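Each residue of the sequence shown is one higher than the one before, starting from 6 at the first, in our numbering. All C-beta atoms in this analysis are idealised placements derived from N, C-alpha and C, irrespective of residue type, glycine included. Computed from a predicted model, the values in this text were never measured in an experiment.
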Amino acid sequence: MLYLISDAALPVSFSSAGNLTNENQFLHPKRIMDSYELISVTKGNLHIQSGDRSYHLTPGQFVLLFPEEYHFGTRPTEGELSFYWTHFHFHAGEATLCEETKTAAFFRENDCPRYILPETGSLSANSRVNVLFVQLLDLAKRLGSLSAVQCNYAQSTLLLELTNECFFRHHMLQQGENIPLNIADLMEWLQLNYDTSLSVAGIAEKFGYHPSYLTAVFKRYSGCTITEYLNRQRIRVAKNLLTSMPKLSLAEISEQTGISDEKYFMRLFKRYEGVTAAAYRKAFPEKRKNRI
């Protein structure tokens with residue numbers, strides 16, 4: 006696995022972005038770009054090769070394509086396909102490539118922020134990456150020099166979010182840095198089971214702890230209670246659904262995030278995001294769509 010490393014002291018330079026949709030038989034064109042391209046698949050399967058590396062992406066997976074490297078579709082898709090894409094350049098010096106085993110040292114350098122991006126991977130169920138994609142696409146549709154500057158920072162935020170998710174999943178969870186393995190396991194379990202009806206007492210029983218003890222230990226290492234952590238996962242997923250699934254009602258989104266009471270879901274969303282779920286959905290209506 007290759008990782009792209011670059012200084013994050015300055016924002017990247019945004020070039021373009023879009024949301025490609027295709028009903029059947031999409032084959033990615035053959036080309037060489039002078040920019041980096043990040044692709045995040047939301048529906049269907051994308052078959053693509055870059056250099057000597059072949060990727061078969063399913064919903065929730067992403068790939069980073071490198072500049073001056075020949076890439077092309079390896080076979081047509083079957084059925085509907087949809088993915089977000091964006092092209093960008095780095096401002097601050099040259100980006101470098103390294104193997105995964107060498108990335109831990111970069112993560113530990115807190116005084117030197119960096120973009121640390123895997124060439125490919127899977128997003129967690131509560132990932133904010135596609136939400137930030139929607140916001141980037143909305144900004145890209147607007148006109149004027151201010152929008153161009155905003156896009157640079159929005160693109161940078163998206164890449165830093167991908168860096169942050171990579172750090173949490175590949176270094177905190179897998180290596181258990183400063184976090185007991187049982188708490189790391191619980192965090193990962195909550196991310197996978199956010200859409201079910203859960204209580205602190207039930208979670209404590211499942212993991213073999215007294216509720217009060219588990220709550221205290223969890224807060225010590227995560228900085229929040231189990232309930233708050235779970236609610237944040239649910240709201241993150243809800244934000245993804247609000248921006249990517251416009252036909253879903255608030256009641257359906259509430260149900261899919263594990264909250265059976267729609268009114269409680271709306272209060273919770275307002276508490277965490279500062280706006281209503283309906284207002285959040287309307288905040289980023291513009292997208293650059295391309296059908297091929």
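According to DSSP, residues forming a beta bridge with G23: Within the sequence shown, numbered from 1, the residue matching residue 23 stands at position 18. Its beta-bridge partners are W90.
Bounding residues of the beta strand (DSSP E) (the contiguous stretch that carries K244): Here residue 244 is taken as the residue at index 239 of the sequence shown, counted from 1. It is not in any beta strand (DSSP E) - K244 instead sits in the alpha helix (DSSP H) that spans I231 to S249.
Cα-Cα separation between L122 and L137, rounded to whole angstroms: The count along the sequence shown starts at 1 and reaches residue 122 at position 117. The count along the sequence shown starts at 1 and reaches residue 137 at position 132. When rounded, the distance between both Cα atoms is 16 Å.
Secondary structure of K35, DSSP reduced to three states: Sequence index remark: in the sequence shown, residue 35 carries index 30 (1-based). Correct three-state label for K35: coil.
Pick from S21, S11 and G228 that is closest to I44, judged by C-alpha positions: On the sequence shown, position 39 is the one that residue 44 refers to. I44 has its Cα closest to that of S21, out of S21, S11 and G228.
Residue environment, L15, which counts as buried when at least 16 other CB atoms sit within 10 Å: Sequence index remark: in the sequence shown, residue 15 carries index 10 (1-based). When all chains shown are included, L15 counts as exposed.
heavy atom of the ligand COA below 7 Å from T125 C-beta: This structure lacks the ligand COA; in fact it carries no ligand of any kind.
Member of T220, A282 and R241 whose CA lies at the smallest distance from the CA of S254: As a position in the sequence shown, residue 254 is number 249, starting the count at 1. Among T220, A282 and R241, the Cα nearest to that of S254 is on A282.
Identity of the residues DSSP links to R58 by a beta bridge: For the purposes of this step, residue 58 is taken as the residue at position 53 of the sequence shown. In DSSP, R58 forms a bridge with S55.
Per-residue DSSP class, three states only, for Q180: What you label residue 180 is simply residue 175 of the sequence shown in a count that begins at 1. In this prediction, Q180 scores a pLDDT of 46, lower than 50, which makes its location untrustworthy; the coordinate-derived value is nonetheless stated afterwards. Looking at Q180 - three-state DSSP - the assignment turns out to be helix.
Range covered by the alpha helix (DSSP H) that runs through Y199: Position 194 of the sequence shown holds residue 199. Taken as a continuous stretch (DSSP letters only), Y199 belongs to no alpha helix (DSSP H), as it is neither H nor E.
Close beta carbons around L70, own chain, < 6 Å, minus the five adjacent residues each side: As a working mapping, residue 70 is identified with position 65 in the sequence shown. Hits under 6 Å: E42, S55 and H76.
Collapsed DSSP secondary structure at T262 in the structure displayed: If you number the sequence shown from 1, residue 262 lands on position 257. The answer is coil: DSSP assigns T262 none of H, G, I, E or B.
Residue of L141, N169, K146 and A221 minimising C-alpha distance to Y158: Translated into positions along the sequence shown, residue 158 becomes position 153. Closest by alpha carbon: L141.
Environment of Y8 [buried if 16+ CB atoms lie within 10 Å]: For the purposes of this step, residue 8 is identified with residue 3 of the sequence shown, where counting begins at 1. Under this definition Y8 is a buried residue.
Separation of H92 from C171, as counted between CA atoms: The sequence position of residue 171 within the sequence shown is 166, counting from 1. The sequence position of residue 92 within the sequence shown is 87, counting from 1. Answer to the nearest angstrom: the Cα atoms are 20 Å apart.
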